[in-house]
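Quick note: the sequence shown uses full-length UniProt numbering, first residue 1, plus one each step.
In what follows, a single structure is set out as structure tokens and then discussed.
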Amino acid sequence: MNEAVQTAGPLKWWQSGIIYQIYPRSFQDSNGDGVGDLPGITRRLPYLAGLGVDAAWLSPIFTSPMRDFGYDVADYCDIDPLFGTLADFDALVAEAHRLGLKLMLDYVPNHTSSDHAWFQEALQGKDSPKRDWYVWRDPAPDGGVPNNWTSFFGGPAWTLDPVSGQYYLHQFLPSQPDLNWRNPAVREAMFDVLRFWMRRGVDGFRVDVIWLLAEDERFLDEPVRPEWKPGDPEKAKLDHIYTQDQPETHDYIREMRAVLDEFDDRMMVGEIYLPVAQLLPYAGTAENPMVHLPFNFHLILQGWDAGLVRDFGDHYDAACRADGSWPNWVLGNHDQHRFKTRVGAAQYRVAQTLLLTLRGTPTVYYGDEIGMQNVDIPLHLQVDPAGLQQPDVPAEGRDPERTPMQWDATPGAGFTAEGVSPWLPLADDSHRVNVEAQEADPHSDLNYFRALTRLRRDTPALVGGDYSSVDAPQEVFAFRRCLDGAQVTVLLNFGAGEHTLGDLAAGETLLSSCNDRPASGAPLRPHEARILRPA
Ligand code: GLC
């Protein structure tokens, strides 16, 4: 794909569209077991269509013991009974397509569940035909772990199989053994999984931890970061030069992309936490057919400050342009604290406006459109292994951002039946912050979100237009989007001060986060986001 196709030609659905992430356990329970399911999602698809989003991405729905809530897959080609059946899935795809929505699944290629038949066979012994489908090493000379590699969830990345005396690798839980992507049979089997779902009508995939697929074959210790000192988080200790972003990973992704390209108009977005210089080589271009979008998590990772966001926006947009790849933006997902909690309620609409007006594909996390916040989960109700395994680092727990969707003011919030305990507690504010209440209020967060998506659809410059930032007072981030002579200005006040912006604020207000239409040139109010057509 060359730059001309990406910016001037008709955009593909994954370029012009908005992706909406559903965490299936928490979206809609239809059978009263306190856990969301596929028939529940199908029932709510008209809500998605009404939001003005274009694609739904479902976190994993496959057969799983749920030790990492579905990111531990025991059968890639079946639906976990908790969520429903393949027939329910087919009905979901049909309804999505009837409504004009694309459907994306979560593809988890780095590791399986230890319950997967492949791993069970590998455990049979060193001669098992599936042994080499996973990553095995002999103990270190002292009998301990083969090297110092660590799991993302704390502790060593190695677990001993007492029967064979060898260790197997797991970058996450011991019950999530890493597949050996160097083995061509593994790659073929995993590519067949993609074909299976594409034949069933799936339009795309979010690919889990795609930058971790390969490890360096020498299995050397990873160096300790020079800036790390005892007492700092263990997680920040090692420089992951042998377990992340390996050259072979790029090769495997090119093969994966070729499988996607066997089908019409499919896409994949890769989960990749890397700085821009290492991130963009994963982005698909004509010369380098990789993932269509490598997730850009930098709005989450860096400080919430007008200057920092502007600097990053300028740098990233220019870098995408230079290599001919399409940008994308994310504010939240099932691994990150809710953005309204992170940036603060006052900045919520500024952040939402930014996400939906920067150049590139936005991904929206369910519930963020109504302003759902982190929910404090008492210890006895916490279930996330990332949190439970690292009790000394409370921020690692991901339960707070995974609570049930707030549909209405009933005791089960419309998520589950009255009297049923949902798998995670509902937010205390669900009687007030919910879809039904916000539908009735023209000034609600939900209606602001809809106004933003409508404006995007009605304003080609907001979708395909060039981006350029404009100088403004320190706490204001201002930029323009420009297409075929049509211009839109976005003014974002990251602070509590009022700013008179002169010519920059001159023009017709298209939308303001303050629910009104300020006159041309009117000062930008504290925490206001304003979109205008310049005079
Ligand atoms: C990804 C997922 C996360 C999961 C991990 C292991 O980071 O987003 O939820 O725990 O991979 O599969």
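Where is the CB? At the ideal position from N, CA and C, for every residue including glycine.
Since this is a predicted model, take the numbers as computed values, not measurements.
Checklist entry - If we ignore side chains and look at the alpha-carbon of each, how far apart do A409 and R206 end up? => result 32 Å
Checklist entry - Would the beta-carbon of V53 be found less than 7 Å away from any heavy atom of the ligand GLC? => result no
Next on the checklist: So, at 6 Å on beta carbons, what are the nonlocal neighbours of E528 in its own chain, with the 5 sequence-adjacent residues on each side left out?
Outcome noted: N493, S513 and C514
Checklist entry - Quick one: is L355 buried, meaning 16 or more other Cβ sit within 10 Å of its Cβ, or exposed? => result buried
Checklist entry - Within 10 angstroms of its Cβ, does V163 collect 16 or more other Cβ (buried), or is it exposed? => result exposed
Checklist entry - What residue from P378, D335, V73 and G154 has the CA that sits closest to D392's CA? => result G154
Checklist entry - Considering N447, what are the terminal residues of the beta strand (DSSP E) in which it resides? => result No beta strand (DSSP E) holds N447; the alpha helix (DSSP H) holding it covers D445 to D458.
Checklist entry - Going by C-alpha distance, which of H111, E234, R481 and Q336 is nearest N148? => result E234
Next on the checklist: Is F172 a contact residue of the ligand GLC, with contact defined as CB to any heavy atom under 7 Å?
Outcome noted: yes
Checklist entry - Helix, strand or coil for V383 per DSSP? => result coil
Next on the checklist: Tell me whether E287, by its Cβ, gets closer than 7 Å to a heavy atom of the ligand GLC.
Outcome noted: no
Checklist entry - Under a Cβ-count criterion, where at least 16 other Cβ atoms within 10 Å of its own Cβ denotes burial, should R44 be classed as buried or exposed? => result buried
Item to check | Boundaries of the alpha helix (DSSP H) in which Q352 is found, first to last residue | outcome: Y348 to T357
Checklist entry - Does the Cβ of V209 lie closer than 7 Å to at least one heavy atom of the ligand GLC? => result yes
Checklist entry - Where does the unbroken beta strand (DSSP E) through S16 begin, and where does it stop? => result Taken as a continuous stretch (DSSP letters only), S16 belongs to no beta strand (DSSP E), being part of the alpha helix (DSSP H) at W13 to S16.
Item to check | Any alpha helix (DSSP H) of 4 or more consecutive residues that is wholly inside the segment 412 to 440 | outcome: 435 to 439
Checklist entry - Are the beta-carbon atoms belonging to D239 and R225 less than 8 Å from one another? => result yes
Checklist entry - Would the C-beta of Y71 count as close to the ligand GLC, meaning under 7 Å from any of its heavy atoms? => result yes
Checklist entry - Could you check where the alpha helix (DSSP H) with G313 kicks off and where it finishes? => result A306 to D323
Checklist entry - How many angstroms separate the CA atom of N180 from the CA atom of E436? => result 48 Å
Checklist entry - Are the CB atoms of Q171 and D178 nearer to each other than 8 Å? => result yes
Next on the checklist: Am I right that A55 and K12 are in contact with their C-beta atoms under 8 Å? What's the rounded C-beta distance?
Outcome noted: With a Cβ gap of about 11 Å, A55 and K12 do not count as contacting.
Checklist entry - Under a three-way DSSP split, which group does R533 fall into? => result strand
Next on the checklist: Closer than 7 Å to a non-hydrogen atom of the ligand GLC - does that hold for the CB of V393?
Outcome noted: no
Checklist entry - With burial defined as no fewer than 16 other Cβ atoms inside 10 Å of the residue's Cβ, what is the status of E188: buried or exposed? => result exposed
Item to check | Secondary structure of H97, DSSP reduced to three states | outcome: helix
Item to check | V186 versus W118: straight-line alpha-carbon distance, rounded | outcome: 10 Å
Checklist entry - Is the distance from the Cβ of D399 to the Cβ of L379 below 8 Å? => result no
Checklist entry - Does the ligand GLC have a heavy atom nearer than 7 Å to the CB of H116? => result no
Item to check | Spatially closest choice to Y20 from M66, Y365 and R254, by CA coordinates | outcome: Y365
Checklist entry - Is it the case that the CB of H334 approaches a heavy atom of the ligand GLC more closely than 7 Å? => result yes
Next on the checklist: Comparing C-alpha positions only, which one of N296, A258, Y273 and L274 sits nearest to M267?
Outcome noted: A258
Next on the checklist: the ligand GLC and V108: does any heavy atom of the ligand fall closer than 7 Å to the residue's C-beta?
Outcome noted: yes
Next on the checklist: Using the three-state DSSP reduction, which class does Q21 fall into: helix, strand or coil?
Outcome noted: strand
Checklist entry - Can we say the segment 323 to 337 touches the segment 360 to 374, given the rule of at least three CB pairs closer than 8 Å? => result yes
Checklist entry - To the nearest whole angstrom, what separates the beta carbons of I253 and V291, a pair I think is in contact under 8 Å? => result 6 Å
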